[in-house]
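J.: Structure in structure tokens, see below.
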Amino acid sequence: MTVLVRGAWVLTQGPQGELPDAAVAIEGGAITEVAGFAALRQKHPDAEVIGDGTGIVTPGFVNTHTHLSEALATGIGSELPLAAWGEQIIGPLGRVLTEQDAHEGTRLRAVELLLSGVTCVNDMFVHYNPDAMASLGVVTGLRSAGLRGVVSFGAEDLDRWGDVARMLAEHDALAAAADGLVSFRYGVGTLLGQTDALLTEGIAHATARGWAVHTHLHETREELAASQERWGERPIAHALGLGLFDLRVIAGHAVWVDPDEIALLAERGVAVAHNPVANAILGSGVAPVPALRAAGIAVGIGTDGAASNDSQNMLEAVKLAALLQKVHALDPAVIDAATVLRMATLDGARALGLDEVIGSLEPGKRADVVLFQDAVDVAVLHDPAGQLVYGASPRAVADVLIDGKRVVRDHQVVTVDEAEQVELCRPLVARIARDAGFTARGVSRAR
Ligand SMILES: [Zn+2]
28 MTVLVRGAWV
38 LTQGPQGELP
48 DAAVAIEGGA
58 ITEVAGFAAL
68 RQKHPDAEVI
78 GDGTGIVTPG
88 FVNTHTHLSE
98 ALATGIGSEL
108 PLAAWGEQII
118 GPLGRVLTEQ
128 DAHEGTRLRA
138 VELLLSGVTC
148 VNDMFVHYNP
158 DAMASLGVVT
168 GLRSAGLRGV
178 VSFGAEDLDR
188 WGDVARMLAE
198 HDALAAAADG
208 LVSFRYGVGT
218 LLGQTDALLT
228 EGIAHATARG
238 WAVHTHLHET
248 REELAASQER
258 WGERPIAHAL
268 GLGLFDLRVI
278 AGHAVWVDPD
288 EIALLAERGV
298 AVAHNPVANA
308 ILGSGVAPVP
318 ALRAAGIAVG
328 IGTDGAASND
338 SQNMLEAVKL
348 AALLQKVHAL
358 DPAVIDAATV
368 LRMATLDGAR
378 ALGLDEVIGS
388 LEPGKRADVV
398 LFQDAVDVAV
408 LHDPAGQLVY
418 GASPRAVADV
428 LIDGKRVVRD
438 HQVVTVDEAE
448 QVELCRPLVA
458 RIARDAGFTA
468 RGVSRAR
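Residues in the sequence shown are numbered from 28 upward in steps of one, following the numbering used here.
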């Protein structure tokens with residue numbers, strides 16, 4: 028059975044570029060052809076057609092950095108800087124998270140992700156609950172929502188956990204659980220959050236298994252100072268010495284990097300996940316995205332966690348990725364909509380080593396496709412890429428297919444009942460607020 032996803036514009040991100048009045052043909056979960064709609068219709072007269080030819084068709088967005096561990100903790104401590112926020116919010120939260128919180132929280136945020144065009148999410152589940160194996164709930168959550176994903180356990184043991192072997196056991200369990208649309212990376216929450224024992228043993232463990240890595244690097248100036256104090260060098264230099272860059276790495280942020288560090292990241296093939304909303308909300312700084320890109324680094328866009336952003340709306344992150352550079356450089360031409368769209372799709376896939384599979388609409392790739400249609404946001408299409416980046420909101424996301432399966436149909440998520448999921452999560456949110464001490468401290472009013 029062939030399905031055609033039709034748009035006034037198909038922005039392929041592949042060699043075919045931007046095609047007017049075109050469609051994507053899908054069969055067996057894969058893209059078989061991208062061409063003018065009339066020709067494809069003639070070839071497949073019985074095909075189901077999604078889209079009336081007025082909208083925009085793009086590859087699914089690749090959200091390159093999230094923490095679904097924060098799914099049930101949005102809106103707490105939004106005015107705190109990163110270090111205090113980690114200490115006062117993420118620490119206590121991480122100690123009470125369970126596998127059920129992970130599963131249900133993932134399904135809750137899946138609604139937000141899917142309705143902002145995300146088809147693949149690179150997640151790092153951060154928790155400090157040694158008995159829980161909580162990160163495994165992300166795998167079942169993603170699978171039940173039909174989302175493609177890369178999962179990792181954001182391990183940090185400094186003052187927060189027991190022994191190294193126990194932490195490595197959770198990585199092993201997570202690696203074993205990931206299959207199908209869900210793949211695995213070794214998580215290093217932050218270098219500074221780990222003891223030297225975990226850093227060394229963990230990297231050796233990952234190296235022996237050929238695992239790729241998901242971590243954070245150079246997010247704030249305070250991180251650089253703390254690294255200088257502890258090791259006498261900056262985190263990137265320390266990671267290099269530890270052999271981390273011998274593995275395939277995607278690093279969140281890279282806000283505070285100098286030209287030598289940018290050259291080093293490029294040389295070692297380290298990819299960067301740029302998180303403009305989280306960088307702005309935490310007052311962390313503006314990542315040198317044009318310089319990172321000019322060096323040849325694969326730079327994807329991420330929302331970051333639901334608590335260091337307070338939403339998983341990828342369209343906000345995409346728009347702000349452009350705006351932040353423009354206002355920072357005082358130059359509207361420093362980055363354009365087409366570039367930002369490329370970062371959110373093909374470059375994000377490249378950053379995760381998935382660009383042979385997803386990221387563009389090309390025959391042979393898996394069918395992760397989004398149709399933006401039926402909303403005033405995309406009614407005026409003088410410039411489809413510009414309209415999408417600067418004008419589109421979740422209300423324009425009409426249909427989403429992942430691996431050829433329709434997970435959003437006519438603006439409704441198919442795989443998660445939104446209202447039901449919200450109700451289901453309410454008591455979990457209240458329990459977390461109570462058990463993490465947020466209620467007693469007056470930072471949460473959840474009940
Ligand atoms: Zn992060």
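From the three backbone atoms N, C-alpha and C, an ideal C-beta is built for every residue, glycine too. These figures come from a predicted structure and were not determined experimentally.
For Pro286, count neighbouring C-beta atoms within 10 Å of its own C-beta (all shown protein chains included) and say buried if the count is 16 or more, exposed if not.
T.: With fewer than 16 Cβ atoms within 10 Å of its Cβ, Pro286 is classed as exposed.
J.: Compare the C-alpha of Asp128 against each of Val148, Ile103, Leu140 and His154 and name the closest.
T.: It is His154.
J.: Check whether the region 142-162 and the region 87-104 are in contact - that is, three or more C-beta pairs closer than 8 Å.
T.: Contact holds: three or more Cβ-Cβ distances are below 8 Å.
J.: Please look up how many angstroms separate the CB atoms of Val424 and Val435, rounded, as I've assumed it's under 8 Å.
T.: 6 Å
J.: Ignoring anything shorter than 4 residues, give me the alpha helix (DSSP H) runs that lie fully in the region 316-392, in order along the chain.
T.: 316-321, 341-356, 364-369 and 375-378
J.: In three-state DSSP terms, what is His245?
T.: Look at His245 here: in three-state DSSP terms it is coil, with no helix or strand label.
J.: List the endpoints of the continuous alpha helix (DSSP H) containing Tyr481.
T.: Since the first residue of the chain shown is 28 and the last is 474, residue 481 is not available in this structure.
J.: State the Cα-Cα distance for the pair Ser171 and Pro157, rounded to the nearest angstrom.
T.: 25 Å
J.: Determine the contact status of Gly229 and Ala264, defining contact as a CB-CB distance below 8 Å.
T.: No, Cβ-Cβ distance for Gly229 and Ala264 is not below 8 Å.
J.: Anyone know if the C-beta pair for Ala378 and Ala298 falls short of 8 Å?
T.: yes
J.: Report the residue from Trp112, Gly237, Gly41 and Ser335 whose alpha carbon sits nearest the alpha carbon of Glu97.
T.: Ser335
J.: Do you know offhand how far Val405's Cα is from Asp48's?
T.: 15 Å
J.: How do the region 395-414 and the region 108-118 stand: do at least 3 beta-carbon pairs fall below 8 Å, yes or no?
T.: These segments do not touch.
J.: Just mark Ala66 as buried or exposed, buried being the case when its beta carbon has 16 or more other beta carbons within 10 Å.
T.: Label assigned to Ala66: exposed.
J.: Measuring CB to CB, does Leu120 end up less than 8 Å from Ala473?
T.: no
J.: Going by other Cβ atoms of all chains shown within 10 Å of its Cβ, with 16 needed for buried, is Lys70 buried or exposed?
T.: exposed
J.: Could you check whether the Cβ of Gly118 sits closer than 7 Å to any heavy atom belonging to ligand 1?
T.: no
J.: Taking the beta strand (DSSP E) that Pro86 falls in, what are its first and last residues?
T.: Ile83 to Pro86
J.: State the DSSP-derived secondary structure class of Val123, mapped to helix, strand or coil.
T.: helix
J.: Could you spell out the range, first to last residue, of the alpha helix (DSSP H) harbouring Leu398?
T.: From DSSP, Leu398 is part of no alpha helix (DSSP H) but of the beta strand (DSSP E) over Val396 to Phe399.
J.: Which first and last residues belong to the alpha helix (DSSP H) in which Val191 is found?
T.: Taken as a continuous stretch (DSSP letters only), the alpha helix (DSSP H) holding Val191 covers Val191 to Ala204.
J.: Under 7 Å: does the beta carbon of His92 sit that close to some heavy atom of ligand 1?
T.: For ligand 1, a non-hydrogen atom lies closer than 7 Å to the CB of His92.
J.: Can you look up Asn90 in the DSSP assignment and give me helix, strand or coil?
T.: It is a strand residue.
J.: Determine contact between the region 317-331 and the region 377-397, defined as no fewer than three beta-carbon pairs at a distance below 8 Å.
T.: yes
J.: Please list, in chain order, all residues of the same chain as Ala253 whose beta carbon is under 6 Å from its beta carbon, the five residues on each side excluded.
T.: Leu219
J.: Using only the alpha-carbon positions, how far apart do Glu288 and Glu249 sit?
T.: 17 Å
J.: Just reading off the alpha helix (DSSP H) that Leu163 is part of, what are its end residues?
T.: Per DSSP, Leu163 is one residue of the alpha helix (DSSP H) stretching across Leu163 to Ala172.
J.: Roughly how many angstroms separate the alpha carbons of Val316 and Gly41, rounded to a whole number?
T.: 22 Å
J.: Given 7 Å as the limit, tell me if His241 has its C-beta closer than that to any heavy atom belonging to ligand 1.
T.: no
J.: List in chain order: all unbroken alpha helix (DSSP H) runs of 4+ residues lying wholly within the region 254-297.
T.: Counting only runs of 4+ residues, the alpha helix (DSSP H) found wholly inside the region 254-297 occupies 262-269 and 286-294, in chain order.
J.: Compare the beta carbon distance of Leu251 and Arg261 with 8 Å and say whether it is the shorter of the two.
T.: yes
J.: Hey, is Gly279 close to ligand 1, as in C-beta under 7 Å from one of its heavy atoms?
T.: At least one heavy atom of ligand 1 is nearer than 7 Å to the Cβ of Gly279, so yes.
J.: Within the same chain, show all residues whose beta-carbon is closer than 6 Å to that of His438, passing over the 5 residues directly before and after it, in chain order.
T.: Ala425
J.: Taking the alpha-carbon positions, what's the Val427 to Val84 distance?
T.: 10 Å
J.: So, at 7 Å on beta carbons, what are the nonlocal neighbours of Phe180 in its own chain, with the 5 sequence-adjacent residues on each side left out?
T.: Apart from the 5 residues on each side of it in sequence, Phe180 sits with its Cβ closer than 7 Å to the Cβ of Phe152, Ser162, Glu197, His198, Leu201 and Gly214 in its chain, given in chain order.
J.: Quick one: is Glu450 buried, meaning 16 or more other Cβ sit within 10 Å of its Cβ, or exposed?
T.: exposed
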